[in-house]
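Notes for the one structure printed next.
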Amino acid sequence: MRNILASFDDFGDNDVIGEAEFQDYRSVYVDLYAEMRRAADVEKEVVNDDLVFEIELVKQVEVGVDYVLMLVEKHRGEAGDGEDKEIPVEIRRAVTSSPSLHNKRDLIEDFVHTVSAFGDVGEQWRAFIEQRRSEELAAIIRDERLREGPAKALVEAALRNGYVPTEGTAITRILPPTSRFRRSAGDDGHDEKKRRVQAALAAYVERFRGLSAMD
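Heads up: take any position in the sequence shown, counting from 1, add 13, and you land on the working numbering.
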């Protein structure tokens with residue numbers, strides 16, 4: 014309803030909810046949406062058939078990484094130095110109210126803690142994201158004992174295309190050698206391992222895709 018009303022010129026002067034307050038409402042909405050999605054994934058069924066999230070409508074008014082980095086540029090130097098520096102409320106509101114930035118919140122907050130008061134914010138952001146991308150992918154490869162070269166190639170293609178393939182042999186080619194018929198204690202079966210790796214890489218791609226802002 015607010016999206017519809019916002020299309021009328023007179024609405025701006027009569028809007029009883031300020032932008033900061035509205036962002037707070039969106040933050041709660043996005044958190045509930047994420048919580049319900051997690052619950053549905055665990056239970057493998059819809060939590061409440063009558064509960065419909067209009068998340069696409071929220072995305073029409075959400076902010077992106079460029080806007081957040083503009084706020085970082087605006088506020089850096091105000092909050093002191095070190096890991097304990099306080100994140101400005103304006104940045105926290107912008108991030109928490111955005112569906113697309115929900116799973117990137119910790120990245121942005123970590124960046125705010127480490128950004129230098131000097132130098133180009135965009136360049137610092139790209140270097141920070143490149144390091145985190147490398148570290149988190151290395152952790153997946155290590156934990157799942159994947160073939161490093163093919164795994165990195167698959168992820169680079171997935172970041173360009175926006176998805177991790179679920180069909181064909183793309184995932185199978187990066188898995189460590191295992192028997193489809195016999196497994197030792199503690200080892201997953203081939204299909205279970207494949208599903209877990211695909212889910213981990215899909216979450217990784219969703220987390221890091223589109224973060225090379227301010228290019």
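Each residue gets a CB set at the ideal place from its N, CA and C atoms; glycine is no exception.
Contact check, residue i vs residue j, beta carbons under 7 Å
| i | j | result |
| --- | --- | --- |
| Val125 | Gln137 | no |
| Arg160 | Ile187 | yes |
| Leu172 | Arg222 | yes |
| His115 | Val43 | yes |
| Val177 | Ala215 | yes |
| Arg146 | Gln36 | no |
| Ile158 | Pro190 | Correcting the residue identity first, residue 158 is Arg in this sequence and not Ile. No, the pair does not count as a contact, with Cβ atoms beyond the cut-off. |
| Val134 | Glu86 | yes |
Where residue i sits in the DSSP three-state scheme
| i | result |
| --- | --- |
| Gly31 | coil |
| Met83 | helix |
| Glu103 | helix |
| Met49 | helix |
| Leu224 | coil |
| Arg160 | coil |
| Arg209 | helix |
| Pro187 | Reading off the sequence, residue 187 comes out as Ile, not Pro. The answer is helix: DSSP assigns Ile187 an H, G or I state. |
| Thr109 | helix |
| Tyr42 | helix |
| Tyr5 | Look at the range of the chain in this structure, 14 to 228, and you will see that residue 5 is not part of it. |
| Ala171 | helix |
| Phe21 | coil |
Closer than 7 Å to chain C by CB, residue i
| i | result |
| --- | --- |
| Pro163 | This model lacks chain C altogether, as it is built from one protein chain only. |
Residues of its chain near residue i, where Cβ-Cβ distance is below 6 Å and the 5 sequence neighbours each way are ignored
| i | result |
| --- | --- |
| Arg89 | Val128 and Ala130 |
| Thr109 | Ser40 |
| Glu103 | Leu84 |
| Phe141 | Phe124 |
Neighbourhood of residue i by C-beta distance below 7 Å, restricted to the same chain and skipping five residues each side
| i | result |
| --- | --- |
| Asp228 | The predicted model places Asp228 with a pLDDT of 37, which falls under 50 and marks its position as unreliable, so this point remains unresolved. |
| Thr179 | Gln211 |
| Ala47 | His115 |
| Ala33 | Arg106 |
| Lys207 | Ile184, Thr185 and Leu188 |
| Gly31 | none |
Own chain residues within Cβ distance below 8 Å of residue i, not counting five before or after
| i | result |
| --- | --- |
| Asp156 | none |
| Pro163 | Arg186 and Ile187 |
| Tyr217 | Glu149, Leu150, Ile153 and Val168 |
| Phe24 | Leu18 |
Start and end residues, alpha helix (DSSP H) containing residue i
| i | result |
| --- | --- |
| Thr127 | Arg118 to Thr127 |
| Gly77 | Careful: Gly77 lies outside any alpha helix (DSSP H) and carries neither H nor E. |
| Asp156 | Val134 to Glu157 |
> Can you find at least 3 beta carbon pairs, one from the stretch 113-123 and one from the stretch 74-83, that sit closer than 8 Å?
Replying inline: yes
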